[in-house]
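2 protein chains.
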Amino acid sequence: MSTPPLASGPEGPHALRPLLTTVLDALHTGGRARGGPLPAGGPDAVAARIREAVADVLPEEGDPDALRRLVHALAEGAADPAHPWCAAHLHCPPLAVAVAADLAASALNPSLDSWDQAPAASELEELVTRALAREVYGETPSGAGPHRRTAPPRGATSHDAPGPDDAPGPDHALGPDHAPAALATTGGTESNQLALLLAREALGAGVRPVCGANAHHSLPRAAWLLGLPEPVTVPAPAGTLDPAALDAALTDLPGPHLVTATAGTTDAGLIDPLPEIAAICSTHGARLHVDAAYGGGLLFSTRHRHKLAGLSAADTVTLDLHKLGWQPVAAGLLAVRDPHDLTALHHHADYLNADDDTEAGLPDLLGRSLRTTRRPDILKTAVTLATLGRTGLGALVDQVCAHAHRLADLVDAHPALELHDRPTLSTVLFRPTGADDDTVAHIRRHLLHQGHAVLGRTRLDGRLWLKATLLNPRTTPDDLAGLLKLVEGTPPP
Amino acid sequence: MSTPPLASGPEGPHALRPLLTTVLDALHTGGRARGGPLPAGGPDAVAARIREAVADVLPEEGDPDALRRLVHALAEGAADPAHPWCAAHLHCPPLAVAVAADLAASALNPSLDSWDQAPAASELEELVTRALAREVYGETPSGAGPHRRTAPPRGATSHDAPGPDDAPGPDHALGPDHAPAALATTGGTESNQLALLLAREALGAGVRPVCGANAHHSLPRAAWLLGLPEPVTVPAPAGTLDPAALDAALTDLPGPHLVTATAGTTDAGLIDPLPEIAAICSTHGARLHVDAAYGGGLLFSTRHRHKLAGLSAADTVTLDLHKLGWQPVAAGLLAVRDPHDLTALHHHADYLNADDDTEAGLPDLLGRSLRTTRRPDILKTAVTLATLGRTGLGALVDQVCAHAHRLADLVDAHPALELHDRPTLSTVLFRPTGADDDTVAHIRRHLLHQGHAVLGRTRLDGRLWLKATLLNPRTTPDDLAGLLKLVEGTPPP
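For the record, the sequence lines run as chains Z and Y. What the first sequence shows, in our numbering, is residues 30 to 522, in sequence order. What the second sequence shows, in our numbering, is residues 30 to 522, in sequence order.
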């Protein structure tokens, strides 16, 4: 058997060309076989088709048709986020240009743990993450004093004592001295984990996480992972964190505290009152993290950006461009106001960042992530930002927010449907008037099982709601009306 | 401005086609502009070219030429793992078929945190990860008693109390009752983190990690992350963990212990004596993790598989198919002998795995990872396994191991070069006879700066060695001889 072709090297593009044609054809035939937003028949039917397509995971001899066969099966069994009735989750349809760029990352396969595996990609990451940090914090960081110091980085000392050269200063990995920075992550969950980790390293393992009841489930999970106390939950009676309750909690609880606010809740797309929360944190000397995995995309919109007022007061901010940024997964970020916080991630491995190599000018990249080998997910983001510009990206944000208002109007005008509230971002909660929770859950599962629509669910105000998370800029008013017709037409349980 | 096209939906393949042509052309022109294994001129020159290509990360108006421009710049500034003289790290050249498959994952953008975002992809992951776990453990797990129970999952109780239905049993997410399982990860580092986390949850936060001095740097970093004691280091005088020293350490130290052995060290490609280590762990009642991120690929080779004898005795095993598996990053796995260990990762988020949805048959996927949103990296692996078969994949493993022996022969026969030792995997350590460490470090940096070759470095036996990690199956004997000529021809510092 001859050696199969590689993706890079002089022959790479030539070898990829026919294989990509196979993939595009299989995406087309698989999508046509599916026909709707997701496959019909439910989990058992989908699993049976996949088992049939796979047959033997690792056969003795290979099958040259496997690429076509498996991509067809994956496409046939996909929940397609580009279908206007696939609207359950923060699961965006990626832009074609972002997906095309992502191919180059896979083909060249740079790894961002050392310069000699990613000379250009590491510089690109540095440029793009810094620019996105500036979107959050502006050119001049607010509140990050020029020589504000954190507690000694326990991480560095515990497994590799920092030398005298480890004092914060000009650092190739972290960029210019005091400018805010950002780390690329696998998504909002990893960003939130890192935010808690940086707080633990800055304030000690006794730091007490404080979250709204509306915060993402990854916050308590991160606390568990990192060996921190379970977060104290502050009420969010209207879906957003109650500032008075936060003030009371910070008054009562021994510190130090890490408060997490949310800009764009998963359940309802709501934004916590960031300026009030920032002021309360300042009063109590609490550290502030804002989970803007969903809402952070508003930064690109001239029309909606004002809703994020107060964001720049946060010590750390979770962003996630595989939500309101139309990237394929993964495209998470953690923006950090004071780059000195990142010294906690400094890490030494002689084969990747030997001292004499670093002194000789080879950039030290290990402190940019808790991962070691790491693909340049930043490429697709860089290409998207440059291809669309702020105007183009802002227009997409405005479109999906407008769709949400349109859907809310349709629900409001519908005699048999109840609207939870006017949307803040692109999430709309609604339910059949007078239905019980079982009926609401049944409608969602029925539409899933039939392959008709993917809607989400949210429990709020003691009741279960259907959730439409509108992230598809190409959705039309007719699509929205059709979605409501599907809900209306679902037979009772 | 019209809405830019999406990657999926009926129009997706059509929209992608011209963009992919742009990417392939830019990969070609960028690679030609580079000319060698990496760009010449060192970090400053590369950074200047990237800054020029990017100009403005987020311009007001978009530029339709950005895709070509940035992919060209990334390719021109890449360290190309498909070049035979790019041989520093465990940084493999990916197979074209794997990269093509990865495009489908980006285009469809399934997310593996809930069934309704990834109906087919979640089933594919289940099938492929289980098959790979069987490669490690065989059909019948050794030592995993049918009702062996672990400590209560602190993770579950700390933020979501498990109900009576949480007892281990048939579980859609984890597959058939007692069969070994595997989790998909971003790489060996995340796999090692998970291994330590599962040990913490099974044995308590007092578990003491014990590693060889040859273990990967991600082990102490994971202990730090998880709030565990710093690992006790056992000597590895010949590059592999010394069993007698391990026995002494386990005798002296209070338990419970988690021992980590390495199958394929990063520095020298050596395999710890797994059967002896397993026997010692059994005697002392210690839990055993094996980091086989590099060596795990030998499982596919009839010729070399025997070197992994003893692997199946491990409670957990790190695998990483972006090393000896020719996948683009990320392709990590953690194989777990007793799937009950995974109950520690059970996690609840009402919008993703509400109890009534799970009872109604919707698979609960959240316990498969610490990430939430998660792309199906398993697709490219599935396509590679099916396209090449065991025979094809094993042949690639055999080829790179043979290259290492060939290079060792050439070094051995060279009057001015010293060989460290015969290779076990595909890593060869060598140095100019009589050179001091500064000269060895200089040679590596000189070749990097000139753009001539990417070689690694390893400190072993008190001296610095050049490291060639041979992962390119297409490398020829002439390539290997040429690499030694480059080293020989480097002018002194």
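C-beta atoms are modelled at their ideal positions from N, C-alpha and C, and glycine is treated no differently.
Any C-beta of chain Y under 8 angstroms from that of V319 of chain Z: no
Helix, strand or coil at K409 of chain Y according to DSSP, with G and I counted as helix: helix
Cβ of W494 of chain Y within 8 angstroms of any chain Z Cβ: It does not: the Cβ of W494 of chain Y has no partner Cβ on chain Z nearer than 8 angstroms.
Endpoints, the alpha helix (DSSP H) within which T51 of chain Z is located: 41-63
Assigned exposure category for P193 of chain Y - 16 Cβ within 10 Å defines buried: With a pLDDT of 34 at P193 of chain Y, under the threshold of 50, the modelled position of that residue is not reliable, and the figure given next carries that caveat. By the neighbour-count rule (16 or more Cβ atoms within 10 Å), P193 of chain Y is not buried but exposed.
L500 of chain Z (DSSP reduced to helix, strand or coil): coil
Chain Z contacts made by the region 95-117 of chain Y, where a contact means CB separation under 8 angstroms: A95, L96, R98, L99, V100, A102, L103, A104, E105, G106, A107, A108, D109, P110, A111, H112, A117
Anticipated Cβ contact below 8 angstroms, L499 of chain Y with H443 of chain Y, distance rounded: Wrong, their Cβ atoms sit about 17 angstroms apart, outside the cutoff.
Short Cβ contact (8 angstroms threshold) for P33 of chain Y with H207 of chain Y: In this structure, P33 of chain Y lies away from H207 of chain Y, with their beta-carbon atoms at least 8 angstroms apart.
Proximal residues of chain Y, C-beta to C-beta of V516 of chain Z below 8 angstroms: The premise fails here: V516 of chain Z is roughly 16 angstroms from chain Y at the closest Cβ pair, so nothing lies under 8 angstroms.
CB contact check: I79 of chain Z to chain Y, cutoff 8 angstroms: yes
Length-filtered (4 minimum) alpha helix (DSSP H) runs lying within the region 340-414 of chain Y: Within the region 340-414 of chain Y, complete alpha helix (DSSP H) segments of at least 4 residues are found at 379-382, 384-388, given in chain order.
Whole-Å CB distance - A364 of chain Y paired with V346 of chain Y, under 8 angstroms assumed: Right, the Cβ-Cβ distance comes to about 4 angstroms (below 8 angstroms), so this counts as a contact.
Contact under 8 angstroms by Cβ, V440 of chain Z with L513 of chain Z: Inclusion of V440 of chain Z and L513 of chain Z in the CB contact set at 8 angstroms is warranted, their separation being smaller than that value.
Residues of its chain near A244 of chain Z, where Cβ-Cβ distance is below 6 angstroms and the 5 sequence neighbours each way are ignored: T289, T291
Chain-ordered residues of the region 350-369 of chain Y with a beta carbon less than 7 angstroms from chain Z: H351, P357, V358, A359
Close-in-space but distant-in-sequence residues of the same chain around A411 of chain Z (CB under 7 angstroms, 5 per side omitted): L153, V157
Proximity to G326 of chain Z [Cα-Cα], best of Z:D92, Z:D427, Z:S37: Taking G326 of chain Z as reference, the option from Z:D92, Z:D427, Z:S37 with the minimal CA-CA separation is Z:D427.
A213 of chain Z - containing beta strand (DSSP E), residue span: In the DSSP annotation of this structure, the continuous segment of the beta strand (DSSP E) that includes A213 of chain Z starts and ends at 210-214.
Proximal residues, the region 229-263 of chain Y versus chain Z, C-beta separation under 7 angstroms: Only A234, H246, S247, P249, R250, W253, L254, L255, G256, E259 from the region 229-263 of chain Y bring a Cβ to less than 7 angstroms from some Cβ of chain Z.
Spatial distance of Q479 of chain Y from L489 of chain Y (CA atoms): 26 angstroms
Interface flag, Y380 of chain Z vs chain Y, CB-CB below 8 angstroms: Yes, Y380 of chain Z lies at the interface with chain Y (some Cβ there is under 8 angstroms from its Cβ).
Spatial neighbours of P258 of chain Y in its chain, beta-carbon cut-off 6 angstroms, leaving aside the 5 residues before and after: These residues qualify, in order along the chain: R237.
DSSP-derived helix/strand/coil call for P521 of chain Y: coil
Own chain residues within Cβ distance below 6 angstroms of T519 of chain Y, not counting five before or after: I472, H475
Option in Y:P521, Y:P405, Y:A343, Y:T295 with minimal Cα separation from K496 of chain Y: Y:T295
Through-space distance from A211 of chain Y to L328 of chain Z, alpha-carbon basis: 39 angstroms
Range covered by the beta strand (DSSP E) that runs through H286 of chain Z: 286-291
Cβ shell of R63 of chain Z (< 6 angstroms), same chain only, five flanking positions each side left out: E105
Near-chain Z residues of the region 209-223 of chain Y - C-beta to any C-beta below 9 angstroms: Result list: T215, G216, G217, T218, E219, Q222.
Bridge partners - D320 of chain Y, DSSP secondary structure assignment: Y:T291, Y:T347
Neighbourhood of R334 of chain Z by C-beta distance below 7 angstroms, restricted to the same chain and skipping five residues each side: Counting only Cβ-Cβ distances below 7 angstroms, and skipping sequence neighbours, we find L327, L328.
Reduced DSSP secondary structure (H/G/I, E/B, other) of R488 of chain Z: strand
Run of the beta strand (DSSP E) containing G241 of chain Z, from where it starts to where it stops: 237-241
G184 of chain Y classed as buried or exposed, judged by whether at least 16 other C-beta atoms fall within 10 angstroms: Note that G184 of chain Y scores 35 on pLDDT, short of 50, meaning its location in the model is unreliable and no value can be drawn from it.
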